[in-house]
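Asks: Protein chains in written order, with the working numbering: chain G, 1 to 458; chain B, 459 to 766.
Even glycine gets a Cβ: it sits at the ideal position worked out from N, Cα and C.
This structure is a prediction, so every number in the text was calculated from the model and none was measured.
#1: What residue from G:164, G:316, G:193 has the CA that sits closest to residue 181 (chain G)'s CA?
#2: Rounded to the nearest angstrom, what separates residue 133 (chain G) and residue 202 (chain G) at their Cα positions?
#3: Taking CB distances under 8 Å as the criterion, tell me whether residue 73 (chain G) reaches chain B.
#4: Please report whether the beta-carbon of residue 79 (chain G) lies at a distance below 8 Å from any beta-carbon of chain B.
#5: For residue 55 (chain G) and chain B, any beta-carbon pair shorter than 8 Å?
#6: How would you label residue 309 (chain G), buried or exposed, when you count the other beta carbons within 10 angstroms and need 16 or more for buried?
#7: With three or more C-beta pairs closer than 8 Å as the rule, is the segment 663 to 672 of chain B touching the segment 516 to 524 of chain B?
#8: Any contact of the segment 472 to 492 of chain B with the segment 43 to 57 of chain G, i.e. 3+ C-beta pairs under 8 Å?
#9: Within a Cβ cutoff of 7 Å, which residues of the same chain sit near residue 621 (chain B), ignoring the five residues on either side of it in sequence?
#10: What is the C-beta distance between residue 399 (chain B) and residue 651 (chain B), in whole angstroms, given that I count them as a contact (C-beta under 8 Å)?
#11: Which of helix, strand or coil does DSSP assign to residue 599 (chain B)?
#12: Relative to the C-alpha of residue 434 (chain G), which candidate in G:413, G:263, G:26 has its C-alpha closest?
#13: Taking only three categories from DSSP, how would you classify residue 713 (chain B)?
#14: Is it the case that the segment 341 to 355 of chain G contacts the segment 419 to 426 of chain G, given that we only count it when at least three CB pairs across the two stretches are under 8 Å?
#15: Pull up the distance between the alpha-carbon of residue 402 (chain G) and that of residue 375 (chain G), whole angstroms please.
#16: How many angstroms separate the CA atom of residue 701 (chain B) from the CA atom of residue 503 (chain B)?
#17: Assign residue 165 (chain G) to one of three DSSP states: helix, strand, or coil.
#18: Say whether chain B places a C-beta atom closer than 8 Å to the C-beta of residue 36 (chain G).
#19: Should the segment 256 to 272 of chain G be called in touch with the segment 356 to 369 of chain G, which here means at least 3 C-beta pairs below 8 Å?
#20: Does DSSP classify residue 750 (chain B) as helix, strand or coil?
#21: Please identify, using Cβ separations under 7 Å, the residues of the segment 22 to 36 of chain G that lie next to chain B, in order along the chain.
#22: What residues in the segment 581 to 607 of chain B bring their beta carbon closer than 8 Å to a beta carbon of chain G?
#23: Smallest Cα separation from residue 510 (chain B): which of B:644, B:556, B:749?
#24: Measuring only the C-alpha atoms, how far is residue 613 (chain B) from residue 710 (chain B)?
#25: Shorter than 8 Å from the beta carbon of residue 500 (chain B) to some beta carbon of chain A?
#26: Any chance you could list the beta strand (DSSP E) runs of at least 3 consecutive residues sitting entirely within the segment 628 to 697 of chain B, in chain order?
#27: Quick one: any contact between the segment 630 to 640 of chain B and the segment 571 to 589 of chain B, if contact means 3 or more CB pairs under 8 Å?
#28: Flag residue 126 (chain G) as yes if its beta-carbon sits less than 8 Å from any beta-carbon of chain B, otherwise no.
#29: Is DSSP giving residue 587 (chain B) helix, strand or coil here?
#30: Provide the residue span of the alpha helix (DSSP H) that contains residue 116 (chain G), from first to last.
#31: Between residue 336 (chain G) and residue 604 (chain B), what straight-line distance do the alpha-carbon atoms span, to the nearest angstrom?
#32: Please list the residues of the segment 523 to 549 of chain B that have a C-beta atom closer than 7 Å to any C-beta atom in chain G, keeping them in chain order.
#33: Could you tell me which uninterrupted alpha helix (DSSP H) segments, each at least 4 residues in length, are contained entirely in the segment 534 to 579 of chain B, listed from first to last along the chain?
#34: Give the C-beta separation of residue 591 (chain B) and residue 672 (chain B) to the nearest angstrom, bearing in mind that I take them to be a contact with Cβ-Cβ under 8 Å.
#35: Let me see if you follow: with CB-CB separation under 8 Å, is residue 666 (chain B) close to chain G or not?
Okay, structure coming up:
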């Protein structure tokens, strides 16, 4: 049974649940204690040992239901007691054995016997065995379904059964011919069932790997082509989380080895000045503030959804983010981003502010009026936009004012460097005032940017 | 020397001490006890994470040792501290005895050698002030160790716990490794204000307690507020379950449902009415905005619950 468990773990991993070897061992111990008898108990025991977050729990649930669909335990325990044959296996059995008209002869081959006798338990475990002999778990692409199905049938002893079937067909005996008919019937149904089994295995095992593939492709794809919103959302959240995981670790730094003399002396007064209790110097690293300004005008419409998504993930993981959006004029959207869910927040922003013609000058002016005095040496200002200003006044002096107050000013541009400064793009003029100006066309570039940000932002 | 009990026994044992739980939670306790693994309990505030540890202690008749985590919690507060005062006193005593000790020693080297024989005494177990973690390890009886709100503590502290969680031992630099006399059952709770490290999660069983469904919540109310009549209990739980579906800042938890039930009992109410709900809503909801939201939706809520 451990084998089944290991397969299940593999399927879970494929579906994005991270499981270490020690957790697999825990699961095996837990199953030893609980047994396979009761499905619900097995499920909670496995869930406790294998799935370690709320999200993983829900993935686990669907995976469990799919995986143990075939090996459904009621079926193992009490094979054919239920009167209405519900599952496909029992249907095979009842159909192949309900042929009372012409009393077929006894089948000789093991598979034939199994099918004719209607032993659901034996059949189910034979199928599971055949699946591991045929390495169905290794299936990678959908087109291999036929191949693995065939291998499974062979592993179950199809050859012997077919030979018996052909021999019976050739015979003149009526009983033999009836046998041949029911064997042929049973074979077709078995084939169906095996096909379904392989399909399920494919969905469980391979879809995970293909998702990893999809993810890596997605990271390289240009943002404007990214349409699979949900998956991107996950990726972006991963990036934002990474940002914060490293970030929160830097909140308090102990300066190990540096004695805080004042503090130590004060604390040792009770011990008549003998320095028993030592105090060491610590340094508190300030929580940085982030102000993010996002262009949602017509020219970047295909990107703005994505940029807002990144902005939203940032507000989710860092507490001190103020978010602004603009096209012709700027408006603070922090409220929506804090109180609404991601879809509502983004839609609200796009509806109310998005789509207009761009005016960077006016927007920078409004930003300065709103909160230039709150920009200080701890503030990181991030601007997300293409710097295309419709040949309007660029007002670079405003950007300079912001930069001089802020700790750093970061500009993420969804256009490639080559196009900066072409046409109405003011990027070349804005760039000198940015601590960082980076093209941000794919998730990979975004990730690289975050990495750099963390490295230099200590 | 493990007393064995089944999941069902745990469930009924918990129920006796007033903690009504589902199979999943009982299974957690069963596995934690059998596999000797710590349990990480997550879920929204007020669903009974801390209560679970208390119920477990009561069920096993073990001591409960509680460590409340907060930002800045360090080893000195969680594990051990040296008894500086006592050490100081002993140095004074030693000073007086110094003459006796060094009697007959010739030269400085020999004196120092003699002194060295006493040097280690000050960092031995007699001078150790055990804090919750060490208490749990030193206990002769079985103990339940509750490390509450681990997500509030710093990352450093989380890493520091790993040795304790995987091997039930702690290394103290001056003394060496202290192993648990008897493995305690460890519960860690988290409200998910911070993502916990994989290393920690890997060492624990992971239980997620969601808000209870209506049936479970009704039986919890029945057990905790026994005086309340069936009709009111039904209505009350139905109302709370509906309120949780609304988009609120803070969803009402079980503890708040219990408080509300007690309030209604005090007011001798027989059934819910919009007026009654309106006056007592602040027991259930803790934000002004939420209260206003629910008040706005009151009519439709009542229609949904009691007309159909």
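Replies: If we stick to the structure as given:
#1: As a working note, residue 181 (chain G) is residue 181 in the first chain. Selected option, being the one with the closest Cα: G:164.
#2: Here residue 133 (chain G) is taken as the residue at index 133 of the first chain, counted from 1. Here residue 202 (chain G) is taken as the residue at index 202 of the first chain, counted from 1. Cα-Cα distance, rounded: 16 Å.
#3: For the purposes of this step, residue 73 (chain G) is taken as residue 73 along the first chain, with counting starting at 1. The predicted position of residue 73 (chain G) is uncertain, since its pLDDT is 37 and thus under 50; a value taken from the coordinates is nonetheless stated next. Not closer than 8 Å to any Cβ of chain B, the Cβ of residue 73 (chain G) fails to qualify, so no.
#4: Working through the first chain from its first residue, we reach residue 79 (chain G) at position 79. Residue placement at residue 79 (chain G) is flagged as unreliable, the pLDDT there being 36, under the threshold of 50; a coordinate-derived value is accordingly withheld.
#5: Within the first chain, residue 55 (chain G) is the residue found at index 55, counting from 1. Not one chain B Cβ lies under 8 Å of residue 55 (chain G).
#6: As a position in the first chain, residue 309 (chain G) is number 309, starting the count at 1. Classification of residue 309 (chain G): buried, given that the 10 Å Cβ count is 16 or more.
#7: no
#8: yes
#9: Position 163 of the second chain, counted from the first residue, corresponds to residue 621 (chain B). Result list for residue 621 (chain B): 627, 628, 629, in chain order.
#10: Given that chain B is displayed from residue 459 to residue 766, the structure contains no residue 399 (chain B) and the question cannot be resolved.
#11: Your numbering for residue 599 (chain B) matches position 141 in the second chain. Reduced to three states, the DSSP call for residue 599 (chain B) is coil.
#12: Taking the first residue of the first chain as position 1, residue 434 (chain G) is located at position 434. Residue G:413 is the option with its Cα nearest to residue 434 (chain G).
#13: Here residue 713 (chain B) corresponds to residue number 255 of the second chain, with the count starting at 1. The answer is helix: DSSP assigns residue 713 (chain B) an H, G or I state.
#14: no
#15: For this step, residue 402 (chain G) is matched to residue 402 along the first chain. For this step, residue 375 (chain G) is matched to residue 375 along the first chain. If I take the Cα positions, the gap works out to 7 Å.
#16: Taking the second chain and counting its residues from 1, the one referred to as residue 701 (chain B) is at position 243. Taking the second chain and counting its residues from 1, the one referred to as residue 503 (chain B) is at position 45. If you take the alpha carbons of residue 701 (chain B) and residue 503 (chain B), they lie about 16 Å apart.
#17: Residue 165 (chain G) sits at position 165 when you count from the first residue of the first chain. The answer is helix: DSSP assigns residue 165 (chain G) an H, G or I state.
#18: Reading the first chain from its first residue, position 36 is the one you call residue 36 (chain G). For residue 36 (chain G), the answer is no, since every Cβ of chain B falls outside 8 Å of its Cβ.
#19: no
#20: Position 292 of the second chain, counting from 1, holds the residue named residue 750 (chain B). Reduced to three states, the DSSP call for residue 750 (chain B) is helix.
#21: 22, 23, 26, 29, 30, 33
#22: none
#23: Reading the second chain from its first residue, position 52 is the one you call residue 510 (chain B). That would be B:644, whose Cα lies nearest to the Cα of residue 510 (chain B).
#24: Along the second chain, one-based indexing puts residue 613 (chain B) at 155. Along the second chain, one-based indexing puts residue 710 (chain B) at 252. Each residue's Cα considered, the two are about 30 Å apart.
#25: Structure shown: chain A not included; protein chains present are G and B.
#26: 634 to 637, 643 to 648, 663 to 666
#27: yes
#28: Within the first chain, numbered from 1, the residue matching residue 126 (chain G) stands at position 126. It does not: the Cβ of residue 126 (chain G) has no partner Cβ on chain B nearer than 8 Å.
#29: Residue numbering aside, residue 587 (chain B) sits at position 129 when the second chain is read from its first letter. Note: residue 587 (chain B) maps to strand in three-state DSSP.
#30: For the purposes of this step, residue 116 (chain G) is taken as the residue at position 116 of the first chain. Its alpha helix (DSSP H) spans residues 110 to 117.
#31: As a working note, residue 336 (chain G) is residue 336 in the first chain. As a working note, residue 604 (chain B) is residue 146 in the second chain. Looking at the two C-alpha atoms, the distance is approximately 38 Å.
#32: 542, 545, 546
#33: 542 to 559, 565 to 577
#34: As a working note, residue 591 (chain B) is residue 133 in the second chain. As a working note, residue 672 (chain B) is residue 214 in the second chain. About 40 Å; that fails the 8 Å criterion.
#35: What you label residue 666 (chain B) is simply residue 208 of the second chain in a count that begins at 1. Closer than 8 Å: yes.
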